[in-house]
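Residues -25 to -1, 1 to 286 (mature numbering (1 follows the signal peptide of the UniProt record, and there is no 0)) make up the sequence shown, in order.
Structure record follows, encoded as structure tokens.
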Amino acid sequence: MNHSIALALGLLLAAFVLSASPLMAASAAPSSPDVNQCNGTDNVGGQAVVCDITITNNYDLDANTTSSTVTTRECHGFAGAPPSITCETLTESYPQLTLTATQCNGSGNNGGSNVICNVSIINNITGSFTTTAATVNQCLESGTGGGTQPTVDCDPLQNTNLATATIVQCNGSGNGGGGTDRVNCTVGASTQTSALPLIKVNQCVGSGTGGGATVDCSTRLTNNVVPAAEIPPVDTETDTPTESETETDTVIETETASPMVAPIVAAAPELAATGVDSAPLLISVGTGFLLLGVGALLAMRRTVARPVRQD
């Protein structure tokens, strides 16, 4: 009897395990990484580092859908006016917003180097939002070490709190002495909005510190309003044929085969809500209880004493 019960329970457990394997939930969409390039490079005298980052973010406030496209251009070579460089360009797309751009920090730190880096971020936002001027922290403690003044030409020359500033660039750079206007850093007409998470640009910090090195960096941050798509009204008016058109027109009826259309299968509500179809699990539970009942009946049957045979 004990062997029969053990066998029944083993079969029950195996059937339940095999049938109760729910579909795995779909993996979350990958988030876009922070963009980092050209940091700590070209620190031998006479080298040039020229790098650009262009980010386009798309955000629908009502639908809460996001995407972004990032194009990077990275160039290295010999300093000059202009520098002699070799470039590589890469474009990638992501299902989420790209919020951080970091480049050209700690680079071009030897005599006669060129550091030329630019960041452009364009946010296309569908919905209603407000903007304010982007906060800036740039060109602090730069252009020291001698040379004809002014050694720094920065616009705007702002010192917003470093932890909260949207744009941080050209701090502690161009400090090896050299020519006039050797640190040129600008922030074009830029705005920021609370409709988006904090965007951060950090570039050209602690760079171009060798004698005669130059630093030229710029940033622009733009927020565009994208109107919501409008669905055009359906024209329900139909032309009524005139009497003459009815008399003269001949209509030839032809049979047209109906297109084959696959039946539409509605997704289970539990799949739409959780990402997991729990229907197989419910079926498995029912099957398990059924097998459990069968096993119990078999066990009870074997416990009934068989009648003693009379000779």
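Where a beta carbon is used, it is the ideal one built from N, C-alpha and C, also for glycine.
query                                                                                                                                                                      : result
Rounded to whole angstroms, what's the CA-CA distance from threonine 184 to isoleucine 28? Just pull it up for me.                                                         : 23 angstroms
When DSSP labels each residue in this structure, what does cysteine 145 get in the three-state scheme?                                                                     : coil
Take proline 202 and list the residues in its own chain whose beta-carbon comes closer than 8 angstroms to its own, dropping the five residues that flank it on each side. : Thr101
Between Val200, Val180, Pro208, which has its C-alpha nearest asparagine 84's C-alpha?                                                                                     : Val180
Can you tell me whether aspartate 17 is buried or exposed, with buried defined as 16 or more other CB within 10 angstroms of its CB?                                       : buried
Pull up the DSSP beta-bridge partners for phenylalanine 53, would you.                                                                                                     : Gln22, Ser59
Do valine 45 and threonine 77 come within 8 angstroms of each other at the CB atom, strictly closer than that value?                                                       : no
In three-state terms, what does DSSP make of threonine 107?                                                                                                                : strand
Report all residues from its chain with a CB closer than 7 angstroms to the CB of alanine 170; omit the five preceding and five following residues, and keep chain order.  : Leu36, Ile100, Phe104
Ends of the beta strand (DSSP E) at arginine 195?                                                                                                                          : 189 to 201
Ordered along the chain, which non-local residues of its own chain (more than five positions away) have a Cβ less than 6 angstroms from that of asparagine 93?             : Asp27, Ser193
Go to valine 90, then tell me how far its beta strand (DSSP E) extends in each direction, as first and last residue.                                                       : 89 to 101
Determine the DSSP secondary structure at alanine 76, reduced to helix, strand or coil.                                                                                    : strand
Does the contact criterion of 3 or more C-beta pairs under 8 angstroms hold for the segment 61 to 73 versus the segment 115 to 125?                                        : no
Residues in the same chain with beta-carbon distance under 6 angstroms from valine 25, minus the five sequence neighbours each way, listed in chain order, please.         : Cys50, Ile60, Ile91
So what does glutamate 67 bridge to, in DSSP terms?                                                                                                                        : Val45
Following the continuous beta strand (DSSP E) through cysteine 129, name the residue where it begins and the one where it ends.                                            : 127 to 130
Return yes when the Cβ of threonine 141 is within less than 8 angstroms of the Cβ of isoleucine 174, no when it is not.                                                    : yes
Name the DSSP beta bridge partners of glutamine 178, please?                                                                                                               : Gln78, Gln144
How far does the beta strand (DSSP E) with threonine 139 in it reach, from first residue to last?                                                                          : It is not in any beta strand (DSSP E) - threonine 139 carries neither H nor E in the DSSP assignment.
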